[in-house]
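Residue numbers (this note's numbering): 570 to 1336. Presented below is the structure to which this report refers.
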């Protein structure tokens, strides 16, 4: 049983925001490097794309059980279709990504997120890479244009051993990480192995990609662009009549705050100076005719200019004084007189304010440190907060129109495309569709503080639900009308994870009995029988369904956020309930499920007992503090590390300035262990599909969104794949027992839906 360390250097052309994309037709493997256990490194250099395509091979032997890399997904994507790699997986071969392992060992802290080899290698006894190669890449030099010997030294190390190269460094990091993993927690290695299989699953998803119906996407985009335009025209009607000097700017956070919540807008208005009530002007010099030595204003009605060029008085025909001799003899005399220039008034721009009345009030918690023209705070106009406002003020036409416009514009620029009027650059999901009609999204394992997955280019974990957007309609089966898109979603996963972690007896009983926690909380709030609430909230034929389904949705928000540690104010702001209602629900929950509070106390005690001072400095209220860290390990071995930060200012009066966040303490274990369950079970799902060779190319795993997985399946395999996939995802208790010898007293139920696209899904029933 041996391990094979593995690293590739490739061309660097970018395609649809993916640097050095394996999907770019001009990118290929330029150099490969390997190391089997502690043996010397070896590798190959390829002189052309044709040379690479014909000769690159993974030197995997039957004895190899572990493939090691740093950010190994990149290298795997270039090798994914190699038969020797897929055979390696089919016989149980595993991977170890040193970047991912470091992230998990460090407790997902920011410094370990997407960490580079350079940032960790010296702590494991290795050497830094050759800077010259990195500088050439930074300068835009493509890998084939870098000197072969220089590149191979960078990859395999120098003969004198001064620079060990990427392959040797990766192996050294691996050795050090194994030692740390064995010492850190008895279940850490088992947990890490399952997350690594989850990484294989997301690699498969990225490689498979998502088929996009461009025609549907463009049609929906046109419809949405029209809606945005109409809503923007409607919103203009709600702007009050403004002074001509004040131009309303929808991009200004100040102006939006004034319009929505009210406030005084500053603007500059030019005002003419005056003195003793007399308006002031700049001076100018004029030549006035002289009469008996006195200057007279030529615009005076008493004089007029005659044909001979002299002024005369209209009454007695007195003639303007003239020169009696010299060159100007006979010409009229004048005198320079300084007079106000009425075309040039004196003045300056001065500060003025215009007060907007506003359409609603903002919660105090939304106040920012910015102020309006009268030093009152301006309030947040973030998309999330505006969505809350529109839900609370559905009967206010302006806020309703604003909410619709914001949502439509966000959809347009995020899930379709929007052209920047200045740069003419298009941005949005539809701009990332490859020529073959697929989006190859990125699913990231090392980007979040909780260890949950994230996604980008595009963010396929943020696609709106079908009741909020039609964006999902563009994701269709690669098998056309013969295919079906499938979504399998864990039911109430956050609650199930709470039960697993807290071992609360009543919560376990409720889950075993199939209780709908949202309806149970709603029944308690309304003081109604649980069964009656279920009928009204879940039976679409019930006359009370529209009202009670909305009430259940609000409670669902409470359940979700409460499980993830949100406080009463935050839950109230997002659900529309009052703080008092939320606090009442919290008190009821604490009485009903006391294990939650007890579990939180255990974590708090663990954090405090493991508290260690770091070198990180915080400056609060004029004082310097060294922030501390504290940790807790989940039963499966996942490490969570909390860092002290400034506490809310009301605690300063009590002499407390820094501390650990209670919200983070309550949030991370549920989110993180929920994320672990999903990643681990995706790993099992990958193994199943891999063994079946994707059902001879008739079924693929294509995406994961938080608590669910998307499949793309030919219709002939629906009743084979979907039941099997559900059974695998629901086998969490078996996984816990085999991997960690932990008994799980609750089930992990899933729901499956299928359809021609990801929007039009129906509940799956095996006929």
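Positions of the beta carbon are idealized from the N, C-alpha and C atoms, including for glycine.
- In the three-state scheme derived from DSSP, where H, G and I count as helix and E and B as strand, residue 596 is classed as coil.
- Within the same chain, 1240, 1244 come within 6 Å of residue 1021 by CB-CB distance, once the 5 residues on both sides are set aside.
- Given a length threshold of 3 residues, each whole run of the beta strand (DSSP E) inside the stretch 921 to 990 is given here in chain order: 936 to 940, 946 to 948.
- Pairing residue 1228 with residue 1214, the inter-Cα distance amounts to about 6 Å.
- Minimum Cα-Cα distance from residue 975 among the listed residues 729, 905, 798, 1057 corresponds to 798.
- Straight across, the Cα-Cα distance linking residue 616 with residue 723 is about 17 Å.
- Note: residue 1273 is bridge-paired with 1278 in the DSSP secondary-structure output.
- Here residue 819 is exposed. Its C-beta has fewer than 16 other C-beta atoms within 10 Å.
- The stretch 733 to 744 and the stretch 679 to 693 touch, with three or more beta-carbon pairs separated by less than 8 Å.
- Look at residue 1175 here: in three-state DSSP terms it is helix.
- For residue 578, the enclosing beta strand (DSSP E) starts and ends at 571 to 579.
- Here the alpha carbon of residue 1315 sits roughly 20 Å from the alpha carbon of residue 1253.
- Under DSSP, residue 857 shares a beta bridge with 904.
- The Cβ atoms of residue 1321 and residue 1291 lie closer than 7 Å to each other.
- Annotation for residue 1187: 1194, 1196, 1227 place their beta carbon closer than 6 Å to its own, counting only its chain and skipping 5 residues before and after.
- Shortest Cα-Cα distance from residue 1312 to any of 1318, 710, 1304 involves 1304.
- In this chain, residue 1237 is not harboured by any beta strand (DSSP E); it is covered by the alpha helix (DSSP H) spanning 1231 to 1260.
- As computed with DSSP, residue 1056 is found in a beta bridge with 1279, 1322.
- Annotation for residue 942: 833, 834, 835, 922 place their beta carbon closer than 7 Å to its own, counting only its chain and skipping 5 residues before and after.
- Looking at 938, 948, 925, 1046, the one whose alpha-carbon comes closest to that of residue 931 is 948.
- Taken through DSSP and simplified to helix, strand or coil, residue 1183 comes out as strand.
- When 655, 584, 630 are compared, the shortest CA-CA separation from residue 1262 is found for 655.
- Under the three-state reduction of DSSP output, residue 1156 falls in the helix class.
- According to the DSSP assignment, residue 648 belongs to the alpha helix (DSSP H) that extends over 641 to 648.
- In the three-state reduction of the DSSP assignment, residue 839 falls in the strand class, which pools E and B.
- Secondary structure of residue 1332 (DSSP, three-state): strand.
- Judged by their CB atoms, residue 1060 and residue 1318 are nearer to each other than the 7 Å cut-off.
- Taking each of 1296, 1205, 1325 in turn and checking the Cα distance to residue 763, the smallest one comes out for 1205.
- When DSSP reads this structure, residue 744 sits in no beta bridge, so it has no partner.
- DSSP places residue 1195 in the uninterrupted beta strand (DSSP E) bounded by 1192 to 1202.
- Residue 849 sits in coil when the DSSP states are folded into three classes, being neither helix nor strand.
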